[in-house]
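Keeping their order, the protein sequence lines are chains A and B. The first sequence runs contiguously to residue 1239 in the numbering used here. The second sequence runs contiguously to residue 430 in the numbering used here. Ideal placement from N, C-alpha and C gives every residue a C-beta, glycine not left out. From a predicted model like this one, the values you see are computed outputs, not experimental measurements.
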Amino acid sequence: MATTAKRPAPNPLRAGLRVGGASEPTVFVIYGATGDLSQRKLLPAIYNLAVRGLLPNRFAVIGYARSEMDNEAFRDFARAAVEKFSRTPVDDHLWQAFSETLHYQSGAFDEEGFRVLGDRLEAIDAAHGTGGNRVYYLSTPASFFPVIVQAMGATRLNRPPGFARVVIEKPFGHDLESARELADVVHRSFRENQIYRIDHYLGKETVQNIFAFRFANAIFEPVWNNTHVDHVQITVGESIGVEHRAAFYEETGVVRDIVQNHLLQVFALVAMEPPAAFDADPIRDEKAKLLRATKPMTIENAVRGQYGEGYVAGEKVAGYLDEPNVPPDSNTPTFIAAKLEVGNWRWAGTPFYIRAGKRLAKRVTEVAVQFKRPPHLPFPTDAVEQLEANALVLRIQPDEGISLRFGAKAPTPTLALRTVNMDFLYGASFLAEVPEAYETLILDAMRGDGTLFTRQDSVERSWEIVDPLLGQWRKGTPQVYPSGSWGPDLSDELLARDGRRWRRP
Amino acid sequence: MSGDDETSDLAAVESMLRAARGGDRTGSVRAITLNLIVVAPDADHVDTSIEALEHVGPSHPLRAIVATPVDAELRASVASSCWVGASERQVCSERVVVAAAAKALPSAVTSLLVPDLPVFLWWQGPFGEDGLAGALSRLASRVIVDSSECGLEGVAAAQLVGGSVADLAWAGLLPWRDAVAGLFDGPKDAKALERIRAVDVRGPENEARLMAGWLRSALDSEIELRREGRTHHLERVTMQTGGKEYLVERRGRGRLGTAIVPGLLDYPVLLAAPPRSSLLADELSRLSSDRLFERALQAA
């Protein structure tokens, strides 16, 4: 395991500067630098951090991969990636300076290659004054994680003169056992507080806004419990199918792809207790407590579906079994609806219904908090027949914002109450450009802020919640639903059993 | 942007603004986050203020009250501007330009403030010692001036009457301060800070004094300011310690400068000179005092 690097005395001129930026000299190492993730997300995100002036003054990137390439070729590669995928256009002057920070080292993911990398890192430290501080980003297929981390330990890349942090992309295992095995391997070289498990969903501004909404507004927290909330619906809908990722999707399915990570993380933010501080450990402690109080999922409380052919946004689309590289007898679920139950004081008896799927009617992520009806309505029955209970909807994407549904008197001669929506659009108060999730998360890793990263106890508990269901679903077949619908009929029946129905996002 | 409508009746301003945003017809809602009082001493300043407000509006939906002292009867013109973002979202700001006698302006401005929202005062030109500056400063939770126009003495005067004061020239120094701090980010270089006794600055007087004030207050030591020459824009900051020279410089008006640290390769630094409107927008994001600035000003 790595030892703690002795922290140098802080630079007194830094006090009050760089609010939101990273200042400690850093070398950012990308393993798998020529891969898809690096090209689409990492290099554009790092460039945009440079545009925003948020990178440390003493900063360098080393791309590491098997392909033979020199610095110049890597800079050309990076420029092409930024031109294609960056949210801001390339500024030639800025690029000139930025590109000087980009370096490349080719090699295998083994000890020999990493020794050469270590020498290269030392040379960069000497020339650029980066002080031996390292952020290692594992942008490779998950199967390489153990190999890379072991080789880093063997070559002491985990013990540089400064700090060492390692960023790992999901999936963190494919079940509880493999998640623990991976953690054991990583923990042999890095302490838990050096490990940054990235779930890019948590880097989205609007997901972080759930924190702000819940814990910066006193008027909602008193009703955020089973006394006032009837139930909560969380929907993560995609309108696209598996596209070119059939091989990956066959291994994962909707539960591993969406539920175990993104959806349970959003659920945790909605249901957790208020943290003592907006810091990594208090927040992650509360999320872990909530997940521990959540009962594991079983087939009695879950339904699965697989999309058939149909129409999405007016276009005819193929069913899952007709997608390229999908076996004709695949039983991989592309849809799930389930009831989550939380055994704690706040939520006992108030279910959380979740649904997620591909080729649904539209792309949407939202949390709908459905409040109870008033205990007594002092109006004639015919006046309230169109009146629905209050609902608060946190829309995460698209059209980020908040809707509150409440009853109002309709302007009619006789008393009639109608349901109206009050909408707040996040973009109507702040027109500023929103950073990409990867910008936020890469910057946080450089600053050593683990708040938006997932801790191992939450990873393991998430697997404990979904593993029973995954085991039970190895056999049998999912119900086919038409593409462009909101899932199979069984999904509606799941709620109907409890006298409830899904809202239409 | 809707065209400016004029009136001499301030009571009519609210209904004119409502009409400008289509409220009488469509019932649209307003999302405004702050009040900004802008003092424009003459017609030129009114024009430049309006231009700046057009840049600030998209990030800070606000009501701007542009106050111009004149020797004439009160006149007000009203306009509303809306901007559409990448996701077709729309934000709107309101603008009221009030021209009136200096004595009448504080009451006119007071009647136009949106209730319950923070009030900022952006004072342009030399900070006045007349009653107008004091009266408007007392309405504001933060006063924004520019020491390039009013000098550091003007900033100090604004502090006396206004409490929390922001200086756009100081805000514009941020990339320079960041680059200078970056010279000493390495452990060995941080130790060199203890031996710094003087700073050489090539640039405008107010910025040179603020830079020296910042170094004195941050390092808690006597540091002599040596002027290398008076230029319109900051060009170079140099510090020597033990025969070694630490330097940040920019030639021309580009966004990039160079940092030179003994023993390291020279490296580029971002020294963007943001437009005044961007600096103003940044200051509107802050409600509390800038303690770092206050200490630097005191030591300048």
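Could you say which of A:F848, A:N943 and A:V989 lies nearest to L1003 (chain A) if we only look at CA atoms? Counting from 1 along the first sequence, the entry for residue 1003 (chain A) is found at position 269. That would be A:N943, whose Cα lies nearest to the Cα of L1003 (chain A).
Please list the partners that G1182 (chain A) has in chain B, where partner means a Cβ-to-Cβ separation under 8 Å. Locating residue 1182 (chain A) in the first sequence gives position 448, where the first residue counts as 1. Using a Cβ-Cβ cut-off of 8 Å, G1182 (chain A) is close to nothing in chain B; its nearest Cβ partner there is about 15 Å away.
Give the interface partners of S757 (chain A) over in chain B, defined as CB-CB distance under 7 Å, in chain order. Numbered from 1 along the first sequence, position 23 holds the residue referred to as residue 757 (chain A). Taking a Cβ-Cβ threshold of 7 Å, the residues of chain B close to S757 (chain A) are D315, in chain order.
Under three-state DSSP, which class holds K1050 (chain A)? Position 316 of the first sequence holds residue 1050 (chain A). Strand.
Proximity test, Cβ basis, 8 Å: N791 (chain A) and chain B: Translated into positions along the first sequence, residue 791 (chain A) becomes position 57. Closer than 8 Å to the CB of N791 (chain A) there is at least one CB belonging to chain B.
Contact set for V966 (chain A): own chain, Cβ-Cβ below 8 Å, skip 5 residues either direction: As a working note, residue 966 (chain A) is residue 232 in the first sequence. Once the five neighbours on either side are set aside, the close Cβ partners of V966 (chain A) are V1004, A1005, T1084, P1085, F1086, Y1087, V1101, A1102, V1103 and Q1104.
Are the Cβ atoms of G316 (chain B) and G863 (chain A) separated by less than 8 Å? Within the second sequence, numbered from 1, the residue matching residue 316 (chain B) stands at position 186. Within the first sequence, numbered from 1, the residue matching residue 863 (chain A) stands at position 129. Cβ atoms of G316 (chain B) and G863 (chain A): closer than 8 Å.
Extent of the continuous alpha helix (DSSP H) run through V244 (chain B): Here residue 244 (chain B) refers to the residue found at position 114 when the second sequence is read from its first residue. Counting along the chain, V244 (chain B) falls outside any alpha helix (DSSP H), and DSSP gives it neither H nor E.
Is the CB-CB distance between L1242 (chain A) and A784 (chain A) below 8 Å? Summary: the structure shown does not reach residue 1242 (chain A), with chain A confined to residues 735 through 1239, and so no result is reported for it.
For T874 (chain A) and Y983 (chain A), believed in contact at Cβ under 8 Å, the rounded distance: Indexing the first sequence from 1 puts residue 983 (chain A) at position 249. Indexing the first sequence from 1 puts residue 874 (chain A) at position 140. That belief does not hold up - the Cβ atoms of Y983 (chain A) and T874 (chain A) are roughly 19 Å apart, past 8 Å.
Taking only three categories from DSSP, how would you classify D1178 (chain A)? For the purposes of this step, residue 1178 (chain A) is taken as residue 444 along the first sequence, with counting starting at 1. The answer is helix: DSSP assigns D1178 (chain A) an H, G or I state.
Expressed to the nearest angstrom, what Euclidean distance is found between the alpha-carbon atoms of D909 (chain A) and W1197 (chain A)? Here residue 909 (chain A) refers to the residue found at position 175 of the first sequence. Here residue 1197 (chain A) refers to the residue found at position 463 of the first sequence. Looking at the backbone, the Cα of D909 (chain A) and that of W1197 (chain A) are separated by about 6 Å.
Which partner residues of K1073 (chain A) appear in the DSSP bridge assignment? By 1-based counting over the first sequence, the position of residue 1073 (chain A) is 339. Answer by DSSP bridge pairing, in chain order: A:Y1087.
Any C-beta of chain B sitting closer than 8 Å to the C-beta of L783 (chain A)? Here residue 783 (chain A) is taken as the residue at index 49 of the first sequence, counted from 1. Answer no: the Cβ-Cβ gap between L783 (chain A) and chain B never drops below 8 Å.
Alpha-carbon to alpha-carbon, L1175 (chain A) and F924 (chain A): Stepping through the first sequence from its first residue, residue 924 (chain A) is reached at position 190. Stepping through the first sequence from its first residue, residue 1175 (chain A) is reached at position 441. Roughly 19 Å between the two C-alpha positions.
Would you kindly report the start and end of the unbroken alpha helix (DSSP H) that includes G359 (chain B)? Here residue 359 (chain B) is taken as the residue at index 229 of the second sequence, counted from 1. Note, G359 (chain B): premise wrong, no alpha helix (DSSP H); beta strand (DSSP E) at E354 to G359.
Taking the alpha carbon of L417 (chain B) as the reference point, which residue from B:M146, B:L147, B:R327 and B:T163 has its own alpha carbon closest? Taking the second sequence and counting its residues from 1, one reaches residue 417 (chain B) at position 287. It is B:T163 whose Cα lies nearest to the Cα of L417 (chain B).
May I ask you to list, following chain order, the residues of the region 293-327 of chain B that have a beta carbon less than 9 Å from some beta carbon of chain A? L304, P305, R307, D308, A309, V310, A311, G312, L313, F314, D315, G316, P317, K318, D319, A320, K321 and L323
Shortest alpha-carbon distance to D1201 (chain A) belongs to which of A:V989, A:F808 and A:Q1213? The residue labelled residue 1201 (chain A) in the question sits at position 467 within the first sequence. For D1201 (chain A), the closest alpha carbon among the candidates A:V989, A:F808 and A:Q1213 is that of A:V989.
Please list the terminal residues of the continuous beta strand (DSSP E) segment that includes H837 (chain A). The count along the first sequence starts at 1 and reaches residue 837 (chain A) at position 103. L836 to S840 is the span of the beta strand (DSSP E), which, as asked, contains H837 (chain A).
Using the rule of at least 16 other Cβ atoms within 10 Å of the residue's Cβ for burial, across every protein chain shown, is H362 (chain B) buried or exposed? Sequence index remark: in the second sequence, residue 362 (chain B) carries index 232 (1-based). Result: exposed.
Would you decide whether D297 (chain B) is buried or exposed? Buried here means 16 or more other CB atoms lie within 10 Å of its CB. Locating residue 297 (chain B) in the second sequence gives position 167, counting from the first residue. Burial is judged here by how many other beta carbons sit within 10 angstroms of a residue's own beta carbon; D297 (chain B) has at least 16 and is buried.
Determine the direct distance from the alpha carbon of V1037 (chain A) to that of P1247 (chain A), and round the result to whole angstroms. The structure shown does not extend to residue 1247 (chain A), since chain A spans only 735 to 1239, so no value can be given for it.
Does the Cβ of A950 (chain A) have 16 or more other Cβ atoms within 10 Å, making it buried, or fewer, making it exposed? Residue numbering aside, residue 950 (chain A) sits at position 216 when the first sequence is read from its first letter. The residue is exposed, with fewer than 16 neighbouring Cβ atoms inside 10 Å.
With a cut-off of 8 Å on the beta carbons, I'd call G1039 (chain A) and P778 (chain A) a contact; round off their distance for me. Translated into positions along the first sequence, residue 1039 (chain A) becomes position 305. Translated into positions along the first sequence, residue 778 (chain A) becomes position 44. No, G1039 (chain A) and P778 (chain A) are not in contact; Cβ-Cβ is about 35 Å, not under 8 Å.
For A1125 (chain A), decide whether its Cβ has a neighbour in chain B, counting only Cβ atoms nearer than 8 Å. Locating residue 1125 (chain A) in the first sequence gives position 391, where the first residue counts as 1. Not an interface residue.
Between B:R225, B:G293, B:A265 and B:V169, which lies nearest to R193 (chain B) when the distance is taken from Cα to Cα? By 1-based counting over the second sequence, the position of residue 193 (chain B) is 63. Nearest Cα to R193 (chain B) within the set B:R225, B:G293, B:A265 and B:V169: B:R225.
Buried/exposed call for T1028 (chain A), threshold 16 Cβ in 10 Å: Here the question's residue 1028 (chain A) lines up with position 294 in the first sequence. It is buried - the Cβ of T1028 (chain A) has at least 16 other Cβ atoms within 10 Å.
From A:D1232, A:P905 and A:H934, pick the residue whose C-alpha is nearest to that of K775 (chain A); which is it? Along the first sequence, one-based indexing puts residue 775 (chain A) at 41. Of the listed residues, the one whose Cα sits closest to K775 (chain A) is A:H934.
Counting pairs of beta carbons, one from the region 301-308 of chain B and one from the region 282-292 of chain B, are three or more of them closer than 8 Å? no
Please tell me whether, using a cut-off of 7 Å, the distance from the CB of F808 (chain A) to the nearest non-hydrogen atom of the ligand NAP is below it. The model on display carries no ligand, and the ligand NAP is accordingly not part of it.
Count the other C-beta atoms from every protein chain shown that fall within 10 angstroms of the C-beta of V993 (chain A), then say buried if there are 16 or more, exposed otherwise. Locating residue 993 (chain A) in the first sequence gives position 259, where the first residue counts as 1. Under this definition V993 (chain A) is a buried residue.
Inter-residue CB distance, E411 (chain B) and S189 (chain B) (contact presumed, cutoff 8 Å): Numbered from its first residue, the second sequence carries residue 411 (chain B) at position 281. Numbered from its first residue, the second sequence carries residue 189 (chain B) at position 59. Per the sequence shown, residue 411 (chain B) should be read as Ala rather than Glu. Correct: roughly 5 Å between the Cβ atoms.
In chain B, which residues lie less than 9 Å from N943 (chain A) when you measure between Cβ atoms? As a position in the first sequence, residue 943 (chain A) is number 209, starting the count at 1. Within chain B, no residue has its beta carbon less than 9 Å from that of N943 (chain A); the closest one is some 15 Å off.
Report buried or exposed for A913 (chain A), applying the criterion of at least 16 other Cβ atoms within 10 angstroms of its Cβ. Your numbering for residue 913 (chain A) matches position 179 in the first sequence. With 16 or more other Cβ atoms within 10 Å, it is buried.
Please report the Cβ distance between Q884 (chain A) and F819 (chain A), rounded to the nearest whole angstrom; I am assuming they are in contact, meaning their Cβ atoms lie under 8 Å. On the first sequence, position 150 is the one that residue 884 (chain A) refers to. On the first sequence, position 85 is the one that residue 819 (chain A) refers to. So it is not a contact: roughly 32 Å between Cβ atoms.
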